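Beneath this line is the structure, given in structure tokens, with notes to follow.
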Amino acid sequence: MKTITWLLPLVSITMFVSAQKKSDRKTLSNLQLHINYLSSDKLEGRKSGAPGEQLAAAYISSQLQQLNVAPRGDSGFMQTFTIKEGREAAANCSMKINHELLTAGKQFIPLPFSPDKSAKGEVLPDANEPDNIWLININELEADNKKTSLEQYYQQTQIAAKSGATGVIFYNGKETAADAEQWSATRLPATAIPAVWVNTDISRKLSSEDATTFLIEMQLAFKKVKHTGTNVIGFIDNKAAKTVIIGAHYDHAGTGFRGADDNASGIAALLEITRLLKSSSVKNHNFLIVAFSGKEQGLSGSRYFTAHSPVDLAQVNYMINLDMIGRLDPAKGLQIGGVDTSPGWPGIIGSIAARETKLVYEPGNTGTSDHASFYKKNIPVLYLCTGSHHDTPASDDSADKINYDGALTVVKLVYDIIGKTDNMEKLAFNSK
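Encoded structure:
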């Protein structure tokens with residue numbers, strides 16, 4: 065399906081200019097307040113299950129409480145769920161290359177099938193010898209579409225062990241450290257030798273044309289872990305027959321990543337939309353406000369929510385997901401996904417003339433954000449995003465990079481969509 069672009073005309077309502085400007089200033093101030101806190105170093109990147117995530121959850125719940133939104137979690141606003149159970153690096157798990165100590169969980173990750181075991185050797189690049197540590201370039205492995213990456217690494221480790229290797233280091237993988245960490249919940253029989261995955265920086269060092277010999281020392285040790293994530297849920301009860309769910313994820317990649325756009329921006333917009341709805345005359349729907357954790361762990365928070373919803377999902381009209389709405393570029397426009405999930409969406413969105421906003425209709429129904437969990441439950445969805453920013457490192461995703469006027473535009477647009485649908489019949493679901 066081709067991408068469709070709409071340019072919505074500007075509507076000027078002279079009577080309310082002053083009031084609107086005052087309201088806009090309030091919204092802009094609040095957006096900055098929320099994003100600055102959620103992306104601050106204090107929250108350490110808001111990784112699911114980490115202390116920073118709990119600080120963020122407490123902040124979001126306190127904001128909802130101040131807005132007099134009712135809690136709808138299992139305990140107040142909170143709904144906890146298990147992200148994963150498995151093994152991860154213990155405190156005494158270590159690895160050195162040429163006496164440089166690497167950081168577990170970031171520069172190297174012990175693979176979950178490894179034993180608690182050590183290995184040491186002087187390793188020559190491109191020379192995998194018996195009684196030594198092997199370096200395996202993942203780019204040179206023959207692709208096997210029937211196996212996952214982890215299963216391939218497991219197979220290669222077994223082959224290396226049979227050939228006399230004392231340990232294995234896999235480098236030049238396409239996975240991020242966050243991807244590799246998710247493998248810790250995978251259960252595979254232990255191999256005879258230790259095996260680790262290393263990140264891009266260490267891979268570059270191992271691939272260097274100037275490399276001669278590497279002195280490598282590894283001591284792998286594991287601990288059993290159970291990570292718990294927390295969704296934050298509030299409810300505006302208008303005693304209506306239908307409910308609209310508005311959501312955004314608040315978790316991010318952890319220490320070293322601020323996540324102002326991804327996705328403090330979505331949470332800030334969520335809170336401001338909630339504030340507007342709480343004082344509005346839009347009363348023909350109830351509103352379930354959900355800040356998801358676990359998005360970066362396979363949508364585990366939204367998947368748990370849809371299986372344990374505090375409201376009957378059969379009464380849900382639709383779900384709107386706000387994910388990375390802080391980098392609006394007027395030339396590129398606002399991306400809207402999920403329009404195909406209801407035959408009613410194109411007409412609704414096309415009829416909204418709230419402000420001059422370029423809208424880019426993205427084909428496809430699901431994607432990789434939390435709205436996908438609701439689509440799987442036959443609920444129409446919309447996904448709003450101002451686009452990724454791969455031109456800058458993820459660590460530069462800071463509050464000063466946010467287009468706050470653009471975020472205000474997104475807040476208004478979502479509010480207008482909700483207002484437009486308030487007096488309409490329940491949207492039909494389209495699974496095609």
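For what it's worth, the numbering used here labels the leading residue of the sequence shown as 65, then goes sequentially.
Glycine residues also receive a C-beta, built at the ideal position from the N, C-alpha and C atoms.
This one's a predicted model, so the numbers in the text were calculated from it and none came from an experiment.
With C-beta atoms as the reference, is residue i less than 8 Å away from residue j?
i: glycine 330; j: isoleucine 389; result: yes
i: alanine 229; j: tryptophan 198; result: yes
i: tyrosine 447; j: leucine 95; result: no
i: lysine 484; j: isoleucine 412; result: yes
i: lysine 39; j: alanine 317; result: No answer is possible for residue 39: it lies beyond the span of the chain, which begins at 65 and ends at 496.
i: asparagine 385; j: aspartate 486; result: no
i: threonine 294; j: serine 364; result: no
i: asparagine 311; j: valine 260; result: Strictly speaking, residue 311 in this sequence is glycine, with asparagine absent from that position. No, the Cβ-Cβ distance between glycine 311 and valine 260 is not below 8 Å.
i: glycine 428; j: glycine 401; result: yes
i: leucine 477; j: leucine 92; result: no
i: glycine 169; j: alanine 153; result: yes
i: valine 187; j: glutamate 336; result: no
i: phenylalanine 141; j: leucine 128; result: yes
i: lysine 181; j: isoleucine 280; result: no
i: phenylalanine 278; j: threonine 370; result: no
i: alanine 275; j: proline 189; result: yes
i: histidine 163; j: alanine 332; result: no
Round the Cβ separation of residue i and residue j to the nearest angstrom and send it over; I've been treating them as touching at under 8 Å.
i: glycine 150; j: alanine 249; result: 4 Å
i: aspartate 326; j: isoleucine 466; result: Not quite, the Cβ-Cβ distance comes to about 11 Å (not below 8 Å), so this is no contact.
i: tyrosine 314; j: isoleucine 147; result: In fact, because the Cβ distance is near 14 Å, the residues do not count as touching under 8 Å.
i: lysine 396; j: glycine 451; result: 6 Å
i: leucine 352; j: arginine 136; result: 7 Å
i: isoleucine 300; j: asparagine 263; result: Actually they do not touch by this definition, with Cβ atoms about 44 Å apart.
i: aspartate 434; j: lysine 359; result: 6 Å
Between which residues of its own chain and residue i is the CB-CB distance below 6 Å, once the five residues before and five after are set aside?
i: arginine 339; result: Leu131
i: glutamate 426; result: Gln399, Gly401
i: proline 194; result: Gly228
i: methionine 159; result: Leu166, Phe172, Met282
i: serine 497; result: Nothing about residue 497 can be reported from this structure: the residues present for the chain run from 65 to 496 only.
What residue range does the alpha helix (DSSP H) around residue i cover?
i: proline 258; result: Taken as a continuous stretch (DSSP letters only), proline 258 belongs to no alpha helix (DSSP H), as it is neither H nor E.
i: tryptophan 579; result: Nothing can be reported for residue 579, as the shown portion of the chain is limited to 65 through 496.
i: threonine 338; result: 330-342
i: tyrosine 425; result: Element bounds for tyrosine 425: not the alpha helix (DSSP H) but the beta strand (DSSP E), 421-426.
i: serine 213; result: 213-226
i: leucine 128; result: 115-130
i: isoleucine 466; result: No alpha helix (DSSP H) holds isoleucine 466; DSSP gives it neither H nor E.
i: leucine 175; result: No alpha helix (DSSP H) holds leucine 175; DSSP gives it neither H nor E.
i: glutamine 246; result: 241-246
i: arginine 268; result: 264-271
i: tyrosine 314; result: Looking at the DSSP string, tyrosine 314 is not in any alpha helix (DSSP H), and its letter there is neither H nor E.
i: phenylalanine 493; result: Neither: phenylalanine 493 is in no alpha helix (DSSP H) and is coded neither H nor E.
i: histidine 292; result: The question names histidine, but residue 292 is threonine in the sequence shown. Premise fails: threonine 292 lies in the beta strand (DSSP E), 286-300, not in any alpha helix (DSSP H).
Residues in the same chain with beta-carbon distance under 8 Å from residue i, minus the five sequence neighbours each way, listed in chain order, please.
i: serine 406; result: Tyr382, Pro444, Leu491, Ala492, Phe493, Asn494
i: asparagine 442; result: Phe493, Ser495
Return the first residue and the last residue of the beta strand (DSSP E) that residue i is part of.
i: valine 445; result: 445-449
i: glutamate 204; result: It is not in any beta strand (DSSP E) - glutamate 204 carries neither H nor E in the DSSP assignment.
i: glutamine 399; result: 398-401
i: tyrosine 439; result: From DSSP, tyrosine 439 is part of no beta strand (DSSP E) but of the alpha helix (DSSP H) over 435-439.
i: alanine 153; result: 142-153
i: isoleucine 371; result: It is worth fixing the name first, because residue 371 is alanine in this sequence and not isoleucine. Alanine 371 -> not in any beta strand (DSSP E); alpha helix (DSSP H) instead, spanning 364-371.
Please go through the same chain and pick out, in chain order, the residues whose beta-carbon is closer than 7 Å to the beta-carbon of residue i, but skip the five residues on each side of it.
i: leucine 107; result: Gly116, Leu119, Ala120
i: histidine 454; result: Residue confidence is low: histidine 454 scores 46 on pLDDT, short of 50, so the model does not pin down where it sits. No coordinate-derived value is stated.
i: glycine 113; result: Ile147, His291, Thr292, Gly293
i: valine 308; result: His349, Phe351, Asn381, Tyr382, Ile482
i: serine 103; result: Arg322, Gly323, Ala324, Ala328, Ser462, Ala463
Please tell me whether residue i has its Cβ less than 8 Å away from any Cβ of chain B.
i: aspartate 387; result: Checking the listed chains, one finds no chain B in this structure; it contains a single protein chain.
task = Kindly confirm or deny that the stretch 114-123 and the stretch 238-254 touch, where touching means at least three C-beta pairs closer than 8 Å.
result = Touching, no.
ask   = Using 8 Å as the threshold, is the stretch 253-268 in touch with the stretch 232-241, meaning 3 or more CB pairs across them?
value = They touch, by the three-pair rule.
contact_flag[the stretch 279-287, the stretch 204-211] where n(CB pairs < 8 Å) is 3 or more = Contact between the stretch 279-287 and the stretch 204-211 is absent: fewer than three C-beta pairs spanning the two stretches fall below 8 Å.
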